[in-house]
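Engineer:
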Amino acid sequence: MSAQREVAIVRWPGQASSAEQGPTGLLAAYHLQTQAEKGEAVAGVDDLPDRYRVEIADPQAVFADDVVLLALSGDSAVGCLVVTAPADGRSEAKRLWTDPEFRGSGIASSLVGAALAHAADGGVSAVRLSVWKWRAGAIALYERLGFTVTESWDERDDLVCMERAV
Numbered sequence: 154m155s156a157q158r159e160v161a162i163v164r165w166p167g168q169a170s171s172a173e174q175g176p177t178g179l180l181a182a183y184h185l186q187t188q189a190e191k192g193e194a195v196a197g198v199d200d201l202p203d204r205y206r207v208e209i210a211d212p213q214a215v216f217a218d219d220v221v222l223l224a225l226s227g228d229s230a231v232g233c234l235v236v237t238a239p240a241d242g243r244s245e246a247k248r249l250w251t252d253p254e255f256r257g258s259g260i261a262s263s264l265v266g267a268a269l270a271h272a273a274d275g276g277v278s279a280v281r282l283s284v285w286k287w288r289a290g291a292i293a294l295y296e297r298l299g300f301t302v303t304e305s306w307d308e309r310d311d312l313v314c315m316e317r318a319v
């Protein structure tokens with residue numbers, strides 16, 4: 154059994170200036186894994202669809218209006234979550250990813266908790282998210298954190314849409 158590692162949740166950029174790469178590597182891992190799970194595996198980041206490559210290449214620009222939360226272990230980013238700017242009283246949580254070496258240590262729950270706190274501080278009434286239906290562990294996590302399945306706002310097949318009041 155490995156020793157418990159201390160992890161801090163911070164906003165990026167800014168408080169996480171020591172994590173120079175920010176969410177870049179985590180976003181790359183997220184998108185590559187997602188493509189593989191969809192049965193559309195690619196050899197590397199350069200083969201991802203444009204909309205995903207741009208997130209990896211310049212997350213600060215892509216998420217300029219949003220809040221990017223990072224889980225840091227020392228100077229290393231080991232988890233991330235994006236909270237979109239509010240629209241119609243709601244924010245969306247997306248791109249939740251934890252480095253596989255750090256899974257099972259509460260990082261995802263801490264990131265979602267920080268996202269909910271951020272939303273509450275911003276006067277948002279609800280946080281919503283979408284998750285691929287085959288990600289049973291993620292769905293179970295969201296349900297434990299109070300999210301419930303709701304009517305879909307996304308027309309892509311295989312997505313489960315969930316929401317939680319703040």
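Take 154 as the starting number for the sequence shown in the numbering used here and just add one per residue. Here a beta-carbon is modelled for each residue, glycine too, at the ideal position from N, C-alpha and C.
Taking the runs of the alpha helix (DSSP H) that are 4 residues or longer, which of them lie wholly in the region 188-262?
Structural biologist: 203-210 and 212-215
Engineer: Take residue 252 as the anchor and find which of 166, 163 and 225 has the nearest alpha-carbon.
Structural biologist: 225
Engineer: Residue 300: buried (16+ other C-beta within 10 angstroms of its C-beta) or exposed?
Structural biologist: buried
Engineer: Compare the Cα-Cα distances from residue 164 to each of 184, 221 and 204 and report the closest residue.
Structural biologist: Of 184, 221 and 204, the residue nearest in Cα terms is 221.
Engineer: On the CB-based measure, 16 or more other CB atoms within 10 Å of its CB, does residue 309 come out buried or exposed?
Structural biologist: exposed
Engineer: If we call anything under 8 Å between Cβ atoms a contact, is residue 235 one with residue 216?
Structural biologist: yes
Engineer: Give the straight-line distance between the Cα atoms of residue 266 and residue 202, rounded to the nearest whole angstrom.
Structural biologist: 30 Å
Engineer: Are residue 248 and residue 279 close, meaning C-beta to C-beta below 8 Å?
Structural biologist: no
Engineer: Does the Cβ-Cβ distance between residue 292 and residue 313 come in under 8 Å?
Structural biologist: yes
Engineer: Let me check understanding here. Comparing Cα to Cα, which of 277, 212, 241 and 256 lies closest to residue 294?
Structural biologist: 256
Engineer: Check each candidate in 245, 167, 186 and 223 and name the one with the smallest Cα separation from residue 260.
Structural biologist: 223
Engineer: From 181, 199, 286 and 275, pick the residue whose C-alpha is nearest to that of residue 233; which is it?
Structural biologist: 181
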